[in-house]
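Structure, as structure tokens:
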Amino acid sequence: MNYEQFANGIPIPVFMVGKNGDFLFVNNSMIEMYGYNLKEFTTGAVDLLFSNKGEAEKFYDLIKVSLKTGQSGQYFGQNQKKNGETVDVDISWSVVTLETQKYVVGCVLNADLQKGAQPDAQNRLRESLMEIEERKEIEEELRNIHIRLRKATARLQGLSSIDHVTGLYNRVYLLSLLDEETKRVVEIKGKISLILIAIDYYEQYVEKFGIAITDQLTQYVAQTIQENLSSRDLAGRYTDGSFMVVLPDRDLAAAENFVKEVQNSVQNIKSTTDNQSIHITVSAGLTGNNFRVNKLKPDFAQRWMLQLVQSALNKAQKSGRNEMVVELA
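Residue numbering for the sequence shown follows my numbering, beginning at 740 and increasing consecutively.
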């Protein structure tokens, strides 16, 4: 049951006032007592309830004090009904905060009501206000828990998508991004290029220098790849010694230039361990597809390109060091 349903079940007039002193809500008993409809109440009937301006200003001032301090308030005086009849009233209220905004919620007591009903109605109103406050606290705590959960999930997703050695995407996450890009490019009938870059003789470096030194070499290559990426390009660690680069909306000529830049930069990397100089190179396989020409389904297109780029890399590595082979789609 919401607040309005609860308030309409109370046999005395109940109202809610906003920060500007305007009625935001009145219950059915309030409407019956004064004779104004809901629209009249919410469009300026506060002034109409008072027989003179001074009493209206007094009521407004008391409301403003409560909204400022958060304290409950009370007004004794006369109100005027729509038919011109005056009535002695005892108006009491409390302040509630909903989503950082303060409101006054109160009730009107008068001599026309059955005396026995007034205390019970006031108690029910207090219970309603307590329920609102308790619900607000619970909702606030749930919001805080939700925010903390979202942050934790984001951190976990970040950790699960990044290769801890290179700082690039890991294979699983990169392939999921490739799947998204392939579907997008197929839909728009665009282009996409795929590159596999591998450190030449990677296993020999591991056997000769150990995994720690080889990880440093891997990091150097990863950094070089990262430096040559555009904002739309994607890169990740594919296997221990290889990397995949996805170039959305770029053709094979752009992919070849990318590989040349990486190969030239990697050749200049020098590392020394145990007085031995380490010189590394990389080889690459390339493929791509223009979906305006080759109209393939996304799933098949991705599998096909992965097979082609792996085949191209295998041929490049068999040819020697610092090689590049293109497999046309």
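All C-beta atoms in this analysis are idealised placements derived from N, C-alpha and C, irrespective of residue type, glycine included.
Predicted model only: the values in this text are computed from it and were never measured.
If I measure Cβ to Cβ from residue i and keep anything under 7 Å in the same chain, skipping five residues before and after, which residues do I get?
i, result
"Ser1004", "Thr963"
"Leu991", "Ser932, Leu1025, Gly1027 and Val1065"
"Ala993", "Ser932 and Leu986"
"Arg910", "Gly975, Arg976 and Tyr977"
"Leu968", "Ala974"
"Leu913", "Leu973, Gly975 and Met983"
"Ser790", "Gln817, Gln819 and Thr825"
"Leu852", "With a pLDDT of only 49 at Leu852, under the threshold of 50, the placement of this residue in the model should not be trusted; the figure read from the coordinates follows. Closer than 7 Å at Cβ, skipping near neighbours: Ile751."
"Leu806", "Lys758, Val834, Lys841 and Val843"
"Leu777", "Val765 and Ile770"
Should residue i go down as buried or exposed, given a rule of 16 or more other Cβ atoms within 10 Å for buried?
i, result
"Leu1039", "Position check: residue 1039 holds Phe in this sequence, whereas Leu was assumed. Per the 10 Å Cβ criterion, exposed."
"Asn818", "buried"
"Ser970", "exposed"
"Lys930", "buried"
"Asn766", "buried"
"Ala1051", "buried"
"Leu1067", "exposed"
"Gln840", "exposed"
"Gly855", "Residue confidence is low: Gly855 scores 45 on pLDDT, short of 50, so the model does not pin down where it sits. Its coordinate-derived value is still stated next. It is exposed - the Cβ of Gly855 has fewer than 16 other Cβ atoms within 10 Å."
"Val756", "buried"
"Ser899", "exposed"
"Val925", "buried"
"Phe754", "buried"
"Ala1055", "buried"
"Ile950", "exposed"
"Ile886", "Any reading at Ile886 is ruled out, since the residue's pLDDT is 49, under 50, leaving its predicted position unreliable."
"Gly793", "exposed"
"Gln1046", "exposed"
Quick check on this structure: which residue in the options has the alpha carbon closest to the alpha carbon of residue i?
i, options, result
"Lys1036", "Val985, Val1001, Gln1006 and Glu920", "Glu920"
"Val984", "Trp832, Lys928 and Gln1049", "Gln1049"
"Asn1061", "Ala974, Val843, Gln1006 and Asp979", "Gln1006"
"Gln958", "Asp918, Lys1009, Val998 and Ala993", "Lys1009"
"Phe815", "Leu801, Gly823 and Ile901", "Leu801"
"Ile938", "Val924, Val753, Thr781 and Val960", "Val960"
"Gly975", "Val1001, Lys999, Ile936 and Gln1002", "Ile936"
"Pro750", "Lys928, Met769 and Met1044", "Met769"
"Lys1057", "Gly774, Ser1022, Trp1043 and Ser805", "Ser1022"
"Gly980", "Gln955, Ser805, Lys792 and Ser833", "Gln955"
"Gly760", "Thr781, Gln1046, Asn1029 and Lys821", "Thr781"
"Leu787", "His1018, Asp988 and Asn822", "Asn822"
"Ser1016", "Phe948, Glu794 and Ser833", "Phe948"
"Ile927", "Lys778, Leu1045, Asp988 and Trp1043", "Asp988"
"Gln810", "Val835, Phe764, Gly774 and Ile1019", "Val835"
"Arg923", "Gln1041, Phe762, Phe798 and Trp832", "Gln1041"
"Met1044", "Asp918, Gly845 and Phe997", "Asp918"
"Lys999", "Gly1059, His1018, Leu1047 and Met1063", "Met1063"
"Ile934", "Ala795, Phe997 and Gly1059", "Phe997"
"Gly845", "Phe764, Lys778 and Thr808", "Phe764"
Taking 8 Å as the limit between beta carbons, can you name the residues of its chain near residue i, skipping five residues before and five after?
i, result
"Asn1053", "Gly1024"
"Ala850", "For Ala850, the pLDDT reaches just 49, beneath the cut-off of 50, and the residue's location in the model is therefore unreliable, although a value from the coordinates is still provided. Contacts found: Val826 and Asp827."
"Lys797", "Tyr814 and Gly816"
"Gln965", "Gly906, Leu907 and Ala974"
"Ala893", "Low confidence applies to Ala893: its pLDDT is 48, below 50, so where it sits in the model is not reliable, and the reading given next is rough at best. Here the set comprises nothing."
Going by DSSP, name the residue or residues bridged to residue i.
i, result
"Trp832", "Gly812 and Gly845"
"Gln817", "Asp827"
"Pro987", "Ile931"
"Met1063", "Ala1023"
"Phe764", "Met755"
"Asn908", "The amino acid at residue 908 is misidentified as Asn; the sequence shows Tyr. In the DSSP output, where bridge partners are listed per residue, Tyr908 has Ile901 and Gly975."
"Ile938", "Val1021"
"Ser981", "Ala937 and Thr978"
"Asn1028", "Ile931"
Looking only at its chain, what residues have a beta carbon closer than 6 Å to the beta carbon of residue i, apart from the 5 residues adjacent to it on each side?
i, result
"Thr953", "Tyr944 and Val945"
"Leu973", "Leu916 and Val985"
"Met772", "Pro752"
"Asn1029", "Lys930"
"Gly812", "Leu801, Ser805 and Trp832"
"Ser803", "Note on identity: in this sequence residue 803 is Lys, with Ser being the wrong assignment. Result list for Lys803: empty, nothing under 6 Å."
Taking 6 Å as the line, does the beta carbon of residue i fall inside it for any heavy atom of the ligand GDP?
i, result
"Gly845", "This structure does not include the ligand GDP; it has no bound ligands of any sort."
Note to self: When you compare the stretch 939–952 with the stretch 899–907, are there three or more beta-carbon pairs, one atom per stretch, that lie closer than 8 Å?
What the structure shows: no
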